[in-house]
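Chains Z and P supply the protein sequences, listed in that same order.
Add 107 to the 1-based position in the first sequence for this note's numbering, that's all there is to it.
Add 107 to the 1-based position in the second sequence for this note's numbering, that's all there is to it.
Number of protein chains: 2
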Amino acid sequence: MPYLNRVVPHPEPLDCRILTAALKLFRDKGYHNTSVHEIQQKARVSIGSIYNYFGGKEGIAKALYTHILGEIEQLVDAHMARQPSAIARCEGIISALFAHTETHPDIIGYVFHAKHADFLPDHASLSDAAAFTKMKQIVCAGIAQGELQKMDPVIANALIFGSAAQLIQQRLDGVIKEPLQSRERDFFACLWHGLKNSTPAPP
Amino acid sequence: MPYLNRVVPHPEPLDCRILTAALKLFRDKGYHNTSVHEIQQKARVSIGSIYNYFGGKEGIAKALYTHILGEIEQLVDAHMARQPSAIARCEGIISALFAHTETHPDIIGYVFHAKHADFLPDHASLSDAAAFTKMKQIVCAGIAQGELQKMDPVIANALIFGSAAQLIQQRLDGVIKEPLQSRERDFFACLWHGLKNSTPAPP
DNA sequence: GTCTATATCCAGATAGAC
DNA sequence: GTCTATCTGGATATAGAC
């Protein structure tokens, strides 16, 4: 019964094991302090397989990067489709990111905390990624429609997502001890108190 | 005349040359992508001297880190001594950081952008540095005295310095094309519009 | 104290058996 | 497709002359 031998020890596919192992190591020790040998050991895979699937350490980092940014973009798209209001969209996205920070700190940490320019030189800055561009568009639309105060979109974007990013980073660093959800409601209240337009523009 | 031979080529002291060269390289290529050999060439110093002064690459990084964080702390202290108001203090500090971002992007980038945990494992998180702790204290005092709205200090801190940090990072990345000073006034207006307490507490 | 030349080590990558 | 064993380059760090 060769079948049994294959099934039990590693239910998840091989390339997936490599990615999850690498993600955790990159988060814990940083990209440069992680050797392929360590990834190989943690994923219980041979070095040869790693080079077969990803062509090397940088290939793993790229695969992780595009995959995770794609997932965040999907998240943004989902909230844009679900809600017409800019405020509701931002709240939904930030709320989802806060939740992910608790359940998948590796993933969020890899995107928010890693300095990708150090090991992915050909990739553009994070701000240029599609997911983050779309967040800016949400803010712009909210200002244009009068839902948010008339103001510089760059500043509005910094206030909304910059402060959220700061909370996420402090949570990842352990500076904030409680789950971010416990602060979510207060955070939104403070945020919109300053940004929401109380006198909506005429249609 | 041996004196002349010494004076002309390198007016600044040797260790200072090493630090400035390393700072620029770390910013441009990242810590791990910079070799001691490159620092040596750029600083026009021999490898032996580098090990004499700093004991190695990590020693340079540590010296830079403590020195720069010390300077920022001094900046915070200066503004705390000059102004009693929390809002004025925050504005002064952020304004100074914005100005530094334009004049010394290497320095600001090294503190705000580098992932120090990757190469200074024994150092605590940036948020624990004295300079940033004092910024939090300023915000707390502002809330306690009724100058700022009654709210969670962690959230207030994220809104104020998180958004400022976001602007600085985008400026360093080149996403923002104009000097930050051009947005400073608008930024402060938006910020305090949401955070300032319009009904001050009784003395 | 400053330099050059050298040693040592380890990471990333490859070759080839199975 | 997966593995083991090996190669190679380059980085940190040191030794010793001056």
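From the three backbone atoms N, C-alpha and C, an ideal C-beta is built for every residue, glycine too.
Keep in mind that this is a model prediction, so the values were computed, not measured.
A straight line joining the alpha-carbon of T127/Z with that of A150/Z spans about 8 Å. Per DSSP, Y217/Z is one residue of the alpha helix (DSSP H) stretching across 212 to 219.
Per DSSP, reduced to three states, the secondary structure at L227/P is coil, with no helix or strand assignment.
Of all alpha-carbon atoms in L176/P, H139/P, A129/P, the one lying nearest the alpha-carbon of Q148/P is that of A129/P. Within the region 121 to 149 of chain P, those residues whose Cβ lies closer than 9 Å to any Cβ of chain Z are, in chain order, K136, G137, Y138, H139, N140. In the three-state reduction of the DSSP assignment, K284/P falls in the coil class. Taking CB atoms only, F219/Z has no neighbour in chain P less than 9 Å away. The C-beta distance from R290/Z to D259/P rounds to 6 Å, short enough to fall under 8 Å. Here I267/P really is in contact with L298/P; their C-beta atoms are around 6 Å apart, less than 8 Å. Here the alpha carbon of E198/Z sits roughly 12 Å from the alpha carbon of R189/Z. Secondary-structure assignment with DSSP links K303/P through a beta bridge to L255/P. The beta carbon of A203/P sits closer than 8 Å to the beta carbons of L182, H186 from its chain, once the five residues preceding and following it are set aside; these are given in chain order. For D213/Z, not one C-beta of chain P is nearer than 9 Å to its own C-beta. Here R292/Z is exposed, its C-beta having fewer than 16 other C-beta atoms within 10 Å.
In this structure A251/P is exposed. Its beta-carbon is surrounded by fewer than 16 other beta-carbon atoms within 10 angstroms. Contact between G137/P and D235/Z is absent: CB atoms are separated by about 19 Å, not below the 8 Å threshold. With 16 or more neighbouring CB atoms inside 10 Å of its own CB, Y172/Z falls in the buried class. With respect to Q244/Z, K303/Z sits apart: the two C-beta atoms are not nearer than 9 Å. Think of a sphere of 9 Å around the beta carbon of Q273/P: the chain Z residues whose beta carbon falls inside it are N264, A265, L266, F268, G269, S270, A272, Q273, in chain order.
If you check each beta-carbon in the region 278 to 293 of chain P against every beta-carbon of chain Z, the ones closer than 9 Å belong to D280, G281, V282, I283, R290, D293. Taking a Cβ-Cβ threshold of 8 Å, the residues of chain P close to A224/Z are G137, in chain order. In this structure, the beta-carbon distance from P212/P to R134/P falls below 9 Å.
Contact between H207/P and I201/P is absent: CB atoms are separated by about 11 Å, not below the 8 Å threshold.
Ranked by Cα distance from F205/Z, the first of L287/Z, H300/Z, F295/Z, S305/Z is L287/Z.
Taking a Cβ-Cβ threshold of 7 Å, the residues of chain Z close to S234/P are Q277, D280, V282, in chain order. Rounded to the nearest angstrom, the gap between the Cα atoms of F295/P and E254/P is 15 Å. S232/Z places its beta carbon less than 9 Å from that of D280/P. V261/P has a beta carbon lying within less than 9 Å of a beta carbon in chain Z. Take V246/Z, set aside five residues on each side of it, and the residues of its chain with a beta-carbon closer than 6 Å to its own are P260, A263, N264, in chain order. In the assembly as shown, K284/P is an exposed residue. Its beta-carbon has fewer than 16 other beta-carbons within 10 Å. As for any alpha helix (DSSP H) of minimum length 4 sitting wholly inside the region 135 to 200 of chain P, the runs are 143 to 150, 154 to 161, 164 to 189, ordered along the chain. For T210/P and D122/Z, the gap between their C-alpha atoms comes out near 46 Å. In the structure shown, P120/Z adopts coil according to DSSP, grouped into three states. Each of E165/P, Y158/P, Y160/P was checked against the Cα of H139/P, and the nearest Cα belongs to E165/P. If the five residues before and after A272/Z are omitted, its C-beta is found closer than 8 Å to the C-beta atoms of F219, all from its own chain and listed in chain order. For A237/Z, same chain residues with a beta-carbon under 8 Å away, outside a window of 5 residues either side, are L176, E180 in chain order.
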